[in-house]
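Engineer: Going by this note's numbering, the sequence shown opens with residue 0, and the numbers climb by one from there.
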Amino acid sequence: MSAFLDPGNGAWTAEQIAAMSRIREAALSDDFALAELRHLTNNIGPRLAGSAQAAQAVEFVAGEMRALGAAVTLEKTTVPHWVRGVETGALVDWKGMTPNTVQKIVLTALGGSGATPAAGITAPVVVVPTFDDLKRLPQGALKGKILLFNHAFDRQLAAEGLGGEAYGQSVIYRAAGPSLAASAGAVAVLVRSVGGADYRLPHTGIAFYDPALPKVPAAAVTAEDADLIADLAAQGPVQMHLTLTPQNLPKVESYNVIADWKGSSHPEQVVIVSGHLDSWDLGTGAIDDGAGIAVSMQAIHLMQKLGIHPQRTIRFVAWMDEESGGEGSQTYAADHAGELKDHVGALESDLGCDHPTGIIFDGAPALKEWLAPVAHQLAPIGASVLTPGDDVGEDVMSVVGKGVPGFTPAQDSRFYFNYHHTAADTFDKVDPRHLGENAAVMAVLAYALADSSTPAPRAPAP
Ligand SMILES: [Zn+2]
């Protein structure tokens, strides 16, 4: 009990513990992160990998970090260039319809989707709730048909704070469904949106196509439209007219933005603090993941503002292309493979910007006790819970998989997936107080890892 009340100073001096407290308070009151996020989202806008806005965001963030006095490098990576086109859907025949009418279906193309002819296609719709139901269809049942995967996002799980788990159970249909449907002969694929909102919003996201199969046109329909199609299909045949005209263009050069706040005595030892700079194109990528970029920028800003120079390097990374395949993080892991033994930790914030309750860590079990004094400094903002986990951010997984301890703020996930990958992921969804709390977790933890007497405990390399 006394250890809970005061865990002691652990791997830090009393002065360093006091610095953590100053960083926390500054993160809550300093509006730098909010101003950066506002520019990224409102001024630059959506930042789809390969787009002009993504390139502009690279220039903007690099300039801001240079202005803080960090050593900035742009790390070249090659990313997909997919451009959304026309996307419309309508039911044109169903049981009980009023003659000569149609019903509009609200949908949006999945990232990487192939295209229909410009005039669209008209085909019967087959509905399956799960992959198991797909397997049970007779051979040839999907030939020439549009397949709808109607697997519902588990809102109860999300309501209980298990938003990531709910997402994980459904996202497989979006990611793998299109190619599975293509292999069964479907001419197009619809996926029930992977998200929890009620406002007839479609949620986009990447579809991973098997290169050996045709790139069938693929779209997410809203939960409401999925229910409508499933209801009518249970009553009789349903015909749909579908037009999707996205383009898969040649890959383009882009960049991870890397900005080092150089360590005073061990500059070669590195703590990564990061988010991903690209976003989907429907909204402006405020919670996914402009907020992660802004709180990571804030960590460097606070070092500069408070005049703190930890022993090790704090390395800000703005990852490129998390959403369409993670090219940026794979490039980093390959380019820096020989240096990862000196990476003492990798932080990423990529689960939105709601209240953080603590830190999720992926690495040696001993990290929990080691981090206790740090958690104690986050208790005043309600963020002191240390939880082991294996999802600390898609982009840092490539280095965490090589033995680097990984960390992410543990966030309230009840609402994130209502907006995730939709047109409603916009600046107004970010509560400035919560942004400050997340910045506090990132900055305090980054500082603690960079200035501890010995590096964070590390699991044996896998
Ligand atoms: Zn994200």
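For every residue, glycine included, the Cβ atom is placed at its ideal position computed from N, Cα and C.
1) Could you check the C-alpha separation between Asp389 and Gly435 for me, to the nearest Å?
2) Any idea if Leu333 is buried or exposed, counting beta-carbon neighbours within 10 angstroms, 16 or more meaning buried?
3) Let me know the secondary structure DSSP gives Met318 once reduced to three states.
4) Check Val215 in the structure and name its three-state DSSP category.
5) Among Gly357, Ala363, Leu370, Lys367, which has the Cα closest to the Cα of Val384?
6) So is Val105 in contact with chain C if we call contact Cβ pairs under 9 Å?
7) If we require 4 or more residues per run, which alpha helix (DSSP H) segments fall completely within the stretch 332 to 373?
8) Given the structure, does Asp288 come close to ligand 1, in the sense that its CB is under 8 Å from one of the ligand's heavy atoms?
9) Consult DSSP for Pro454 and reduce its assignment to one of helix, strand or coil.
10) Tell me whether the stretch 360 to 380 and the stretch 299 to 313 touch, counting them as touching only if at least three CB pairs, one residue from each stretch, are closer than 8 Å.
11) Where does Glu63 land, buried or exposed, given buried means 16+ other C-beta within 10 angstroms?
12) Distance, Cα to Cα, Leu448 vs Asp5?
13) Run the proximity test for Glu393: is its beta-carbon closer than 8 Å to any non-hydrogen atom belonging to ligand 1?
14) Taking one C-beta from the stretch 250 to 258 and one from the stretch 72 to 80 each time, how about it: are there three or more such pairs within less than 8 Å?
15) Just to confirm, is the Cβ distance from Asp259 to Thr203 under 9 Å?
16) Whole angstroms are fine: how far does the CA of Leu346 sit from the CA of Ile359?
17) Sorted by chain position, which residues of the same chain lie with C-beta nearer than 7 Å to Arg457's C-beta, five sequence neighbours on each side aside?
18) Are there any heavy atoms of ligand 1 lying less than 8 Å away from the beta-carbon of Gly291, as far as the coordinates show?
19) Grab me the residues of Arg173's own chain with a C-beta within less than 6 Å of its C-beta, minus the 5 sequence neighbours each way, in chain order.
Structural biologist: In short, the structure shows the following:
1) On the sequence shown, residue 389 is found 390 positions in, with the first residue counted as 1. On the sequence shown, residue 435 is found 436 positions in, with the first residue counted as 1. Each residue's alpha carbon lies about 25 Å from the other.
2) Indexing the sequence shown from 1 puts residue 333 at position 334. Here residue 333 is Ala; the residue named in the question, Leu, does not match the sequence. Classification for Ala333: exposed.
3) Translated into positions along the sequence shown, residue 318 becomes position 319. Strictly speaking, residue 318 in this sequence is Trp, with Met absent from that position. Strand, per DSSP.
4) Position 216 of the sequence shown, counting from 1, holds the residue named residue 215. Note: Val215 maps to coil in three-state DSSP.
5) The residue given as residue 384 occupies position 385 in the sequence shown. Selected option, being the one with the closest Cα: Gly357.
6) Among the protein chains of the structure shown there is no chain C, as only one such chain exists.
7) 366 to 369
8) Reading the sequence shown from its first residue, position 289 is the one you call residue 288. Yes; taking the cut-off as 8 Å, the Cβ of Asp288 has a heavy atom of ligand 1 nearer than that.
9) By one-based count along the sequence shown, residue 454 stands at place 455. Coil.
10) no
11) Against the sequence shown, residue 63 aligns to sequence position 64. By the neighbour-count rule (16 or more Cβ atoms within 10 Å), Glu63 is buried.
12) Here residue 448 refers to the residue found at position 449 when the sequence shown is read from its first residue. Here residue 5 refers to the residue found at position 6 when the sequence shown is read from its first residue. If you take the alpha carbons of Leu448 and Asp5, they lie about 20 Å apart.
13) As a position in the sequence shown, residue 393 is number 394, starting the count at 1. Correct: Glu393 has its Cβ closer than 8 Å to ligand 1.
14) yes
15) The residue labelled residue 259 in the question sits at position 260 within the sequence shown. The residue labelled residue 203 in the question sits at position 204 within the sequence shown. The answer is no: Cβ separation not under 9 Å.
16) One-based indexing of the sequence shown puts residue 359 at position 360. One-based indexing of the sequence shown puts residue 346 at position 347. Taking the straight line joining both Cα atoms gives about 10 Å.
17) Numbered from its first residue, the sequence shown carries residue 457 at position 458. For Arg457, where only same-chain residues beyond five positions count, the Cβ hits under 7 Å are Gly362, Ala363, Gly402, Pro404.
18) In the sequence shown, counting from the first residue as 1, residue 291 sits at position 292. Result yes, Cβ under 8 Å from ligand 1.
19) Within the sequence shown, numbered from 1, the residue matching residue 173 stands at position 174. If we look at Arg173 and ignore the five residues flanking it on each side, its Cβ neighbours are Val190, Val193, Gly204.
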